[in-house]
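Reading through the structure tokens given below for one structure.
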Amino acid sequence: MQFQFSELTPNERYHLMVQSVLPRPIAWILTVNDDGSHNLAPYSFFAPVCANPPTMVVSIGQKQPGEDKDTFRNLQRDGRCVVHIASVDWLEALNASSATLAKNESEVSMGNVPLLTDSDGGLPHIDGAPVAYYCRLQQVTDLGPAPQHIVFLEIDKLIVAEGVDYVKGGSTRLSAAAINPLARLGGSEYAALGDIISLARPE
1 MQFQFSELTP
11 NERYHLMVQS
21 VLPRPIAWIL
31 TVNDDGSHNL
41 APYSFFAPVC
51 ANPPTMVVSI
61 GQKQPGEDKD
71 TFRNLQRDGR
81 CVVHIASVDW
91 LEALNASSAT
101 LAKNESEVSM
111 GNVPLLTDSD
121 GGLPHIDGAP
131 VAYYCRLQQV
141 TDLGPAPQHI
151 VFLEIDKLIV
161 AEGVDYVKGG
171 STRLSAAAIN
181 PLARLGGSEY
191 AALGDIISLA
201 RPE
């Protein structure tokens, strides 16, 4: 079966894409609201794109036509965020944080998500999340009439939970099994990591 995207509505394209680009990592992004409370929201149009400078990209749509999501507004105003990679254990809390709330209504407070103070005096991060990237806004490119904000984030610092990092051959490695990342599928579906397959690259 073929799908001509020029003949489909944006909603139809979206559902085909999220049900076939699988699995997708989830950026669970914490930002600070203008009243000092914390916003927390998941985004699965997300990927690392460069190591020098260390950069990730996340696609952020609008809450409704003409109204940006709190995550984007906070990034535009404050320029800082913490991108968490959530483990499967965080499924219910992560899913709950995707609800549409009023401006400055905190998903952290509503979901009783525990936060840890940053040793460098920056934003807090989720206590128990296996991975937390401290990032700052690098640039934004808008796509489409809505628009969709393509947000580039430069990484300043990475914090991993105890048991995630180990040393092999003199190098620090991170254990995918220990991270146990939650992944996004289509509709209401999520996925766990499943089997890990090791295969050396050819010379």
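Mapping the sequence shown onto the UniProt record's numbering, position 187 (from 1) lands on 187, and the numbers just tick up by one.
Idealized CB from N, CA, C, for every residue including glycine.
| Query | Result |
| --- | --- |
| Return yes when the Cβ of I179 is within less than 8 angstroms of the Cβ of I85, no when it is not. | yes |
| Taking only three categories from DSSP, how would you classify residue 205? | For residue 205 there is no data in the structure shown, the boundaries of the chain being 1 and 203. |
| Could you give the DSSP three-state label for R136: helix, strand or coil? | strand |
| Taking just the CA atoms, how far does E7 sit from S175? | 43 angstroms |
| What does a CB cutoff of less than 8 angstroms around R173 pick up in its chain, not counting 5 residues either side in sequence? | D165, Y166, V167 |
| Which stretch, first to last residue, makes up the alpha helix (DSSP H) that contains A176? | 176-179 |
| Under 8 angstroms, do R184 and P23 count as touching if we go by C-beta distance? | yes |
| Taking Cβ to Cβ, would you say D68 is nearer than 8 angstroms to K103? | no |
| Which term fits F72, buried or exposed, when burial requires 16 or more other beta carbons within 10 angstroms of its beta carbon? | buried |
| Could you pull the start and end residues of the alpha helix (DSSP H) that V18 belongs to? | 10-18 |
| By the 10 Å Cβ neighbour count, where 16 or more other Cβ atoms means buried, how is F45 classified, buried or exposed? | buried |
| Quick one: using the 10 Å Cβ neighbour count with 16 as the cut-off for buried, is V41 buried or exposed? | Residue identity check: residue 41 is Ala in the sequence provided, not Val. With 16 or more other Cβ atoms within 10 Å, it is buried. |
| Compare the beta carbon distance of H149 and I29 with 8 angstroms and say whether it is the shorter of the two. | no |
| Give me the residue from L123, Y190, V32, M17 with the minimum Cα distance to K157. | L123 |
| V113 by DSSP, collapsed to three states: which one? | coil |
| Opposite I60 in the DSSP bridges: which residues? | H149 |
| Starting from R201, trace the alpha helix (DSSP H) in both directions and tell me its first and last residue. | Element bounds for R201: n/a, residue is neither H nor E. |
| Measure the CB-CB distance between L94 and L193 and report whether it falls below 8 angstroms. | no |
| Measure the alpha-carbon distance for V151 versus M1 and round it to whole angstroms. | 33 angstroms |
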